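Novice:
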Amino acid sequence: MFDFFHLYSLKEKYNLKDPNPSLIRRLKRLRESKKGAFLDLGCGFGRHLEPVAKEPDISIGFDCSTSALKATCSRIRPSCFVVKGLMTGLPFKEGSFSNVLAWRSIYLQNIVQIDLTINEIFRVLKKGGHLVCSVRATTNALYYIGLEKGHEIEPGTFHFNDECGDLIYHFFTKEEVLKRFYKFRIEDLQLKQLVQTPFTSYRPEFSNDFWIFSAGKP
Ligand SMILES: C[S@@+](CC[C@H](N)C(=O)[O-])C[C@H]1O[C@@H](n2cnc3c(N)ncnc32)[C@H](O)[C@@H]1O
């Protein structure tokens, strides 16, 4: 599998290193209201894992990239662990986690893989647990860049194969978020701009729009 982080560390371009402050506040509130294990799905450099970790509960950073997990290991606490794998098949028992974070990660797949991942998140969450998620919107800069330079392999999913790598991105409408996460109780669904990466910052005329929401397991 393509290693997202290997490419970025080679180019010293990867800029998602500092935690998002409002996300940390949101996760801390959730973790206070429901104790239990925490899973950061597609954790990257683990920028949200360590600040949210709360002993004695365990926190797990999950990613398919060895270089990302090595970087995560350098900044974690004793209650944090890392696991390597693909998010379409999670190596955890049903109901293992009170909270799952999927931040800027699940849309790096095609629709079949995204649906498998959503089912896996639902399975590993405890009843009453919450997912906090961000997915790229169809108003996102990269969607327009995809229309210009990518190859649309299915509705809303682009294959990019250029100097930035060999990657797949799926873009969501609001209706699609509600449709794909239908098993969850969606709360606080908002369109927000997030920090640009080198993929989008060279086109400042477009915004970096994401759908951000919490999703409870009823
Ligand atoms: C854009 S980075 C975001 C990282 C982190 N969530 C953050 O906000 O800093 C996406 C991460 O998802 C991981 N990833 C992408 N597809 C994956 C998959 N199918 N299974 C596991 N990890 C995946 C990548 O390796 C990368 O670390």
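One point on numbering: in the numbering used here, the residue at position 63 of the sequence shown is 64, and numbering is uninterrupted. Quick reminder that beta carbons are idealized off the backbone N, C-alpha and C, glycines included. All values reported here derive from a predicted model rather than from experimental measurement.
Indicate the three-state DSSP secondary structure (helix, strand or coil) for residue 206 in the structure shown.
Specialist: Residue 206 sits at position 205 when you count from the first residue of the sequence shown. Three-state DSSP puts residue 206 in coil, outside helix and strand.
Novice: Using 10 angstroms around the beta-carbon of residue 1, count the other beta-carbons present and answer buried if the total reaches 16, otherwise exposed.
Specialist: Nothing can be reported for residue 1: it is not among the residues displayed for the chain, which extend from 2 to 219.
Novice: Taking C-alpha atoms, which residue in 131, 39, 26 lies nearest to residue 58?
Specialist: For the purposes of this step, residue 58 is taken as residue 57 along the sequence shown, with counting starting at 1. With distances taken between Cα atoms, residue 58 lies closest to 39.
Novice: Between 112, 51, 61, which lies nearest to residue 85 when the distance is taken from Cα to Cα?
Specialist: Within the sequence shown, residue 85 is the residue found at index 84, counting from 1. With distances taken between Cα atoms, residue 85 lies closest to 61.
Novice: From residue 98 to residue 50, what does the alpha carbon distance come to, in whole angstroms?
Specialist: In the sequence shown, the residue the question calls residue 98 occupies position 97. In the sequence shown, the residue the question calls residue 50 occupies position 49. Roughly 14 Å between the two C-alpha positions.
Novice: Enumerated in chain order, which unbroken segments of the alpha helix (DSSP H) with a length of 4 residues or greater are wholly contained in the segment 5-86?
Specialist: Within the segment 5-86, the complete alpha helix (DSSP H) runs of at least 4 residues are 5-12, 22-34, 50-53, 67-74.
Novice: Quick one: what does DSSP say residue 168 is sitting in, helix, strand or coil?
Specialist: The residue you call residue 168 lines up with position 167 of the sequence shown. Note: residue 168 maps to strand in three-state DSSP.
Novice: Once DSSP output is grouped into helix, strand and coil, what is the label at residue 147?
Specialist: Reading the sequence shown from its first residue, position 146 is the one you call residue 147. Note: residue 147 maps to helix in three-state DSSP.
Novice: For residue 88, which option in 78, 96, 106, 80 has the closest C-alpha, if you only look at C-alpha atoms?
Specialist: Looking up residue 88 in the sequence shown gives position 87. Among 78, 96, 106, 80, the Cα nearest to that of residue 88 is on 106.
Novice: Does the beta-carbon of residue 171, which I'm using as the reference point, lie nearer than 8 Å to any heavy atom of ligand 1?
Specialist: On the sequence shown, residue 171 is found 170 positions in, with the first residue counted as 1. No, the Cβ of residue 171 stays beyond 8 Å of every heavy atom of ligand 1.
Novice: Starting from the C-beta of residue 117, find all residues in its chain whose C-beta is less than 6 Å away, skip the five residues before and the five after it, and write them out in chain order.
Specialist: Reading the sequence shown from its first residue, position 116 is the one you call residue 117. Excluding positions up to five away in sequence, the list reads 89.
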